[in-house]
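Positions -33 to -1, 1 to 211 (mature numbering (1 follows the signal peptide of the UniProt record, and there is no 0)) are the ones given, in order, by the sequence shown. Have a look at the structure below before the remarks.
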Amino acid sequence: MNTLPTLSRRNFLLAGGGAAGALLLAGCSGGSAQSNPDTITGAGWSDGLNDLVFGQIKTDFEAASGLTVTPQASVPFDDYQTRFRTLIAGGSPPDLMRLNDDFLREMSDKETIMDLESYLSSSGVDTSDYFEGVLDFTDLPNGRAGLAIGALPRVIYFNKTLFEEKGVPLPPTTWTSEGWTWEDFLETARALTEGDTWGACLVTDTAYENTWAVNNGGEGIFSEDGRSFALADPEGVEALQWAA
């Protein structure tokens, strides 16, 4: 296992940025705007972010643009993916849609979504406000496939009281690699473990798999060009084995 300091600020942001979570895309064809240029249809799955997008953000956009946004009825996430694919296949997607990051490359390769780069460039949006990994995630060979409206950063929480009770030094609070090696983590967790009290808890979802692999010198779950499964590379395998 790589015992060198690898948790740099750049790697942390790149690893976390892979979990874009929710993206807004513009459909290339079939939307109702073709028949009514003053109306935009929108779709998303039911959650708090959807309530915000098609609630206050929708209201503010309509007031600023003079356009009307008509959202479709929201459905649970699993049902939404089925509906989304059906609308795409039928050539009648909504004008504006949310899409989970898992499907972004597929939709871009099929050229079923609009390249938003020209709109982003002329919008006056300061792209430096975005984390690098979140913004670059949507910049694909066929153009700017969408914009992230919600990211799911992965962070480390620690129980300060437990550290103090055990006499274990607190983790660094500045962006430095010192104290953040694999061995540092394990030694700290072991020092905190006693009886039914565990020294660490690792959440196992795909975003964390990406974080572990990147911080071990790998590319993450997929290669940079998106065409190979990089988690199977030695760095990814080693990272997953460490977590296991």
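Where a beta carbon is used, it is the ideal one built from N, C-alpha and C, also for glycine.
DSSP state of residue i mapped onto helix, strand, coil
i: Met81; result: coil
i: Glu161; result: strand
i: Leu(-10); result: strand
i: Arg111; result: strand
i: Val122; result: coil
i: Gln208; result: helix
i: Ile24; result: helix
i: Leu34; result: coil
i: Thr178; result: helix
i: Ser56; result: Contrary to the premise, residue 56 reads as Ala rather than Ser in this sequence. Reduced to three states, the DSSP call for Ala56 is helix.
i: residue 297; result: Only positions -33 to 211 of the chain appear in the structure, and residue 297 is not among them; the question remains open.
Cα-Cα separation between residue i and residue j, rounded to whole angstroms
i: Trp179; j: Ala167; result: 15 angstroms
i: Thr143; j: Asn182; result: 14 angstroms
i: Gly146; j: Glu131; result: 17 angstroms
i: Thr8; j: Asn177; result: 34 angstroms
i: Ala158; j: Lys133; result: 8 angstroms
i: Ala210; j: Gly162; result: 21 angstroms
i: Gln48; j: Ser195; result: 23 angstroms
i: Val204; j: Thr26; result: 47 angstroms
i: Gly91; j: Thr160; result: 51 angstroms
Residue nearest to residue i in terms of C-alpha spacing, selected from the options
i: Tyr97; options: Pro120, Lys77, Met81, Asp82; result: Pro120
i: Asp151; options: Glu161, Leu137, Leu54; result: Leu137
i: Tyr124; options: Gly134, Thr140, Glu161; result: Thr140
i: Met64; options: Met81, Asp76, Lys77; result: Met81
i: Ala40; options: Thr160, Phe189, Asn17; result: Asn17
i: Trp149; options: Leu(-10), Gly184, Lys77; result: Gly184
i: Gly193; options: Leu(-10), Ser95, Phe70, Val36; result: Phe70
i: Phe104; options: Glu191, Ala(-8), Gly203, Asp27; result: Glu191
i: Asp68; options: Leu(-10), Glu154, Lys127; result: Leu(-10)
i: Val170; options: Val204, Leu66, Val122; result: Val122
i: Ala(-8); options: Val101, Leu83, Gly22, Thr128; result: Leu83
i: Asn126; options: Thr53, Gly58, Gly100, Ala156; result: Ala156
Counted within 10 angstroms of its Cβ, other Cβ atoms place residue i as buried (16 or more) or exposed
i: Ala206; result: buried
i: Pro61; result: buried
i: Leu19; result: exposed
i: Gly(-3); result: Per-residue confidence for Gly(-3) stands at a pLDDT of 47, beneath the threshold of 50, marking its modelled position as unreliable; the derived number appears in the next sentence. Classification for Gly(-3): buried.
i: Ala118; result: buried
i: Thr35; result: exposed
i: Thr94; result: exposed
Is the region 29 to 36 close to the region 102 to 117, with three or more CB pairs under 8 angstroms?
no
Flag this pair as touching only if the region 3 to 19 and the region 41 to 59 have three or more C-beta atom pairs under 8 angstroms; answer yes or no.
yes
Answer yes if the region 181 to 200 comes into contact with the region 155 to 166, meaning at least three C-beta pairs across the two stretches below 8 angstroms, and no otherwise.
no
Indicate whether the contact test is met: 3 or more Cβ pairs, each with one atom in the region 100 to 109 and one in the region 72 to 91, closer than 8 angstroms.
yes
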